[in-house]
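K.L.:
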Ligand code: HEM
């Protein structure tokens, strides 16, 4: 088998999975927008103008000429880029129409009301870690189940089906799977979600999918509802799971910073913001130019693809004037970052993700105040070649 291709916009330094590769910093210093090759099973490998500076990222992501490259074609095989309902495939008024139907479920107030449910889930998972004892793998017992259970309860998806949909989410986000595998994988996801949607059409449940069917069922096709369900199921667990594992790993490597999260409740919100900036789990934001345009004074031709490196942009914030952004400093959170994107497509679930992190991280370190790695640090494996960065194994003891 060929060695999987790395995503150059998310390349990591040799020996440290949290540090951007030198090449990314070189691109950032360059006055030009470098063109690089991006692996993709659906578009084949494509060339893209690469945005690595923070100001450029904000300008690009709020420019309506840079669009999601989606054209829905019912005759063509269904892929992630040819799927109705997925907000990341829409532009302009079509995007606003769909997004408006979902925003109510993700407001600060609505997310706040989920706190007791999230606290209960976190506490149960901590019990499971305790029962497993020394050597417990936090990826399996803590970071993956928490956001998965939360999104299952929120959407009304049976948790018992998790092994299948977690596997399909990972295949869907892997830039190294073949186009055929991607098409087959999405067909399975659609089939699964279609059954759930059909049951909500018959009798809308008391959950997010049920309420979308109740309130907007007449305006949405079954295809759109399936796409909405799949998008929320994938987006709702994979990135947050990655953040929980990555944050825990980083804090175990930096015990003084871990102590802040464990012992200073008032510092937790800021610490989570700094961890979000530093880990940047969703690595790439791809777009396509609908017209000749420029970013800074750099020209981008109509039809050209553009990709924003979240990892690089988050190390180039205005704060770089005052502090070293390659250092993790949980007492010094950034005012802004692009971990949740920017502009019209900015993450719909960001308040939910923040709430999960703000509850789960201090709870973990308070339940196990002496938490530490149960293996040499070098044995922790990372997923650096997919669209979402990840930690594969995190055995701990206390
Ligand atoms: C730490 C966790 C998360 C991270 C880092 C993250 C990151 C992102 C990013 C970067 C985007 C924008 C992509 C782009 O512009 O190309 C996005 C969009 C989105 N996210 Fe998240 N996300 C997280 C958690 C969640 C959760 C928990 C949910 C839902 C339950 C969610 C739902 C969505 C949706 C629906 C969109 C599409 C919004 C649109 O196109 O209008 N995300 N997310």
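Numbering (full-length UniProt numbering), first residue to last: 1 to 398. Just so you know, even glycine gets a beta-carbon here, dropped at the ideal spot from N, CA and C.
#1: Whole angstroms are fine: how far does the CA of residue 84 sit from the CA of residue 223?
#2: Run the Cβ filter for me: residues under 6 Å from any heavy atom of the ligand HEM, listed in the order they occur in the chain.
#3: Is the distance from the Cβ of residue 399 to the Cβ of residue 246 below 7 Å?
#4: Could you spell out the range, first to last residue, of the alpha helix (DSSP H) harbouring residue 318?
#5: Would you call the CB atoms of residue 360 and residue 146 closer than 7 Å?
#6: Are the stretch 179-195 and the stretch 259-267 touching, with three or more C-beta to C-beta distances below 8 Å?
#7: Taking its Cβ as the centre, do 16 or more other Cβ atoms sit within 10 Å of residue 51, making it buried, or is it exposed?
#8: Under a three-way DSSP split, which group does residue 354 fall into?
#9: Under a CB-based cut-off of 7 Å, is residue 227 close to chain D?
#10: For the beta strand (DSSP E) containing residue 306, list its first residue and its last residue.
#11: Reducing DSSP to helix, strand and coil, say where residue 20 ends up.
#12: For residue 322, name the three-state secondary structure that DSSP assigns.
#13: I need the straight-line Cα distance from residue 2 to residue 176, nearest angstrom please.
#14: Compute the Euclidean distance between the alpha carbons of residue 366 and residue 107, then round it to the nearest angstrom.
#15: In whole angstroms, what is the alpha-carbon distance linking residue 20 and residue 13?
#16: Does DSSP put residue 212 in a helix, a strand or coil?
#17: Taking just the CA atoms, how far does residue 166 sit from residue 209?
#18: Is the beta carbon of residue 35 sitting closer than 7 Å to the one on residue 45?
#19: If we count Cβ pairs, one from each stretch, closer than 8 Å, do we get three or more for the stretch 213-229 versus the stretch 192-199?
P.N.:
In brief:
#1: As a first step, residue 223 must be located in the chain shown, where it is residue number 223. As a first step, residue 84 must be located in the chain shown, where it is residue number 84. Residue 223 and residue 84: Cα-Cα distance of roughly 6 Å.
#2: The answer, residue by residue, is 87, 88, 99, 151, 231, 232, 235, 236, 239, 240, 243, 281, 282, 285, 339, 340, 341, 345, 347, 348, 349, 352, 353.
#3: Residue 399 is absent from the structure shown; the chain starts at 1 and stops at 398.
#4: For the purposes of this step, residue 318 is identified with residue 318 of the chain shown, where counting begins at 1. No alpha helix (DSSP H) contains residue 318, which DSSP labels as neither H nor E.
#5: For this step, residue 360 is matched to residue 360 along the chain shown. For this step, residue 146 is matched to residue 146 along the chain shown. Yes, Cβ-Cβ distance for residue 360 and residue 146 is below 7 Å.
#6: Segment contact: the stretch 179-195 against the stretch 259-267, fewer than three CB-CB distances shorter than 8 Å; contact not assigned.
#7: Translated into positions along the chain shown, residue 51 becomes position 51. The Cβ neighbour count for residue 51, taken over all protein chains shown within 10 Å, is at least 16; the residue is labelled buried.
#8: In the chain shown, counting from the first residue as 1, residue 354 sits at position 354. Under the three-state reduction of DSSP output, residue 354 falls in the helix class.
#9: Of the protein chains in the structure, only one exists, and it is not chain D.
#10: By 1-based counting over the chain shown, the position of residue 306 is 306. Residue 306 -> beta strand (DSSP E) spans 305-309.
#11: The count along the chain shown starts at 1 and reaches residue 20 at position 20. In the structure shown, the three-state DSSP call for residue 20 is strand.
#12: Counted from its first residue, the chain shown places residue 322 at position 322. Correct three-state label for residue 322: coil.
#13: Position 2 of the chain shown, counted from the start, is the residue given in the question as residue 2. Position 176 of the chain shown, counted from the start, is the residue given in the question as residue 176. Confidence at residue 2 is low in this model, with a pLDDT of 49, below 50, so the placement of that residue should be treated as unreliable; the coordinate-derived value is given next. Going by the C-alpha atoms only, they are around 10 Å apart.
#14: Taking the first residue of the chain shown as 1, we reach residue 366 at position 366. Taking the first residue of the chain shown as 1, we reach residue 107 at position 107. Cα to Cα, residue 366 sits roughly 29 Å from residue 107.
#15: Stepping through the chain shown from its first residue, residue 20 is reached at position 20. Stepping through the chain shown from its first residue, residue 13 is reached at position 13. About 5 Å.
#16: Within the chain shown, the letter at position 212 stands for residue 212. If DSSP states are grouped into helix, strand and coil, residue 212 belongs with the helices.
#17: Within the chain shown, numbered from 1, the residue matching residue 209 stands at position 209. Within the chain shown, numbered from 1, the residue matching residue 166 stands at position 166. A direct Cα-to-Cα measurement between residue 209 and residue 166 gives close to 19 Å.
#18: The residue labelled residue 35 in the question sits at position 35 within the chain shown. The residue labelled residue 45 in the question sits at position 45 within the chain shown. 7 Å or more divides the Cβ of residue 35 from the Cβ of residue 45.
#19: Short answer: they touch.
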